[in-house]
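The opening residue of the sequence shown carries number 35 in the numbering used here; numbering runs sequentially from there.
Where is the CB? At the ideal position from N, CA and C, for every residue including glycine.
Scroll down for the structure; my scribbles are underneath it.
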Amino acid sequence: MSAAQETPAGPVLVTGGAGYIGSHTTRLLQARGVPVVVLDNLSTGWRQAVSAPFELADLGDRARLDAVFARHRPRAVIHFAAKTYVGESVEKPALYYRENVFHTWNLLEAMRAAECREIVFSSTCATYGNPLRVPLDEAHPQDPISPYGRTKLHMEHMMQDYARAYGLQIAALRYFNAAGASRAGDLGEVHRPETHLIPLVLQVALGTRAKIQIFGDDYPTPDGTCVRDYIHVEDLADAHLRALARLQAGGSPLAINLGTGKGFSVREVIETARRVTGHPIPAATSPRREGDPPILVSGGTRARDVLGWEPARPDIADIVSDAWRFHRAHPDGYAQS
Ligand code: UFG
35 MSAAQETPAG PVLVTGGAGY IGSHTTRLLQ ARGVPVVVLD NLSTGWRQAV
85 SAPFELADLG DRARLDAVFA RHRPRAVIHF AAKTYVGESV EKPALYYREN
135 VFHTWNLLEA MRAAECREIV FSSTCATYGN PLRVPLDEAH PQDPISPYGR
185 TKLHMEHMMQ DYARAYGLQI AALRYFNAAG ASRAGDLGEV HRPETHLIPL
235 VLQVALGTRA KIQIFGDDYP TPDGTCVRDY IHVEDLADAH LRALARLQAG
285 GSPLAINLGT GKGFSVREVI ETARRVTGHP IPAATSPRRE GDPPILVSGG
335 TRARDVLGWE PARPDIADIV SDAWRFHRAH PDGYAQS
């Protein structure tokens, strides 16, 4: 792929562009000179993370969506806005079906009305459910075990149907575990409440949390703790630009895993953070967290073959170092920036 093929044409509307992966992707679009507008309802995102033109809007509000499409005339959409907690989705499935499925339908209808035909969106390895084999390639059956995973699979199916019937160009990017922070040090992972392993471990190193709980050490893995494939958020951002450029070159439909293909256990992540931060990071074992498969590691070569994408920063120590630089500079998240 040439540089031009890695950079899509805009304008691009980024939903959820104030969130973790959305803000990094918006930054990369801007750096490549692609016109971009962010749409976010700031329910979990951060206005401080956005330096692009911004529309405060909820995807449930069709009239607002139509106005945004009329004002900015986006050629394409990158759709991040969604609810993303597996545990919460079990407690509140209605919220997940509304925000992830119904709001995506609303977005697709607004796109159809505005004749906007290209969409790249966040899917997840959670659409595969419990792995029948590892690593997980894209041909693995999709049988999600949580409402979260099911809503993401519904989104994939809805888009496939729109692609067939209405000519929508679609790319479903199935992420493994997004991690790390911008190398510039000003964008990173800030969730309230935080549930993800790496930011929680780094809170212990910062002294704002006493210890990290390891959720289960009796899994059928080498050290008994869960194994995940951590992928740098800037590598994810790069893959979105490539996927959109590929769609624009006639590549639809796409469904592509994004991971490094290498797994690290919870204990290995904690050990890496100890080395990176120089802090002892006390850990204690607690019972398994419901719904955690023992091992999730990305397989297949589709990202490389179709997008020419390789992770530039696959090393877990680099990923944790970048996250550490951000968290040290922003111990209260974006609240103090
Ligand atoms: N973990 C701990 N202690 C903690 C937090 C997490 O041991 O305090 C463990 C989890 O049990 C898991 C691993 O660390 O084994 C990673 O957990 P995260 O919460 O960081 O990430 P998940 O793997 O649960 O979630 C990610 C995405 C979801 C996606 C899911 C697919 O954030 O959006 O992968 O399984 F749905």
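Proximity to the ligand UFG was defined by a C-beta distance below 6 Å to any of its heavy atoms, and the residues meeting it, in sequence along the chain, are Thr118, Val120, Thr158, Cys159, Ala160, Tyr182, Asn211, Thr229, His230, Leu231, Leu234, Ile246, Gln247, Ile248, Phe249, Cys260, Arg262, Val300, Arg323, Asp326 and Leu330.
In this structure, Arg359 sits near Gly219, with a CB-CB distance shorter than 7 Å.
Setting aside the 5 residues that flank it on each side, Gly367 is surrounded in the same chain by Val224, each with a C-beta closer than 6 Å to its C-beta; the list follows chain order.
The criterion of a C-beta distance shorter than 7 Å is satisfied by Leu341 and Arg280. For Val300, same chain residues with a beta-carbon under 7 Å away, outside a window of 5 residues either side, are Leu231, Ile248, Thr259 and Cys260 in chain order. Beta-bridge analysis with DSSP links Phe249 to Ser320. When the alpha-carbon of Arg184 is set against those of Arg132, Ile112 and Ala351, the nearest one is in Arg132.
Between Pro327 and Thr294, the CB-CB gap reaches or exceeds 7 Å. Restricting attention to Glu172, Arg98, Val71 and Asn140, the CA atom closest to the CA of Leu288 is found in Glu172.
For His113, the enclosing beta strand (DSSP E) has its first and last residue at Ala110 to His113.
With contacts defined by Cβ atoms closer than 7 Å, Glu122 and Ser157 do not form a contacting pair.
The Cβ-Cβ distance between Ser332 and Asp263 falls below 7 Å.
In this structure Ser286 is buried. Its beta-carbon is surrounded by 16 or more other beta-carbon atoms within 10 angstroms. With a 10 Å radius around the Cβ and a threshold of 16 neighbouring Cβ atoms, Asp339 comes out exposed.
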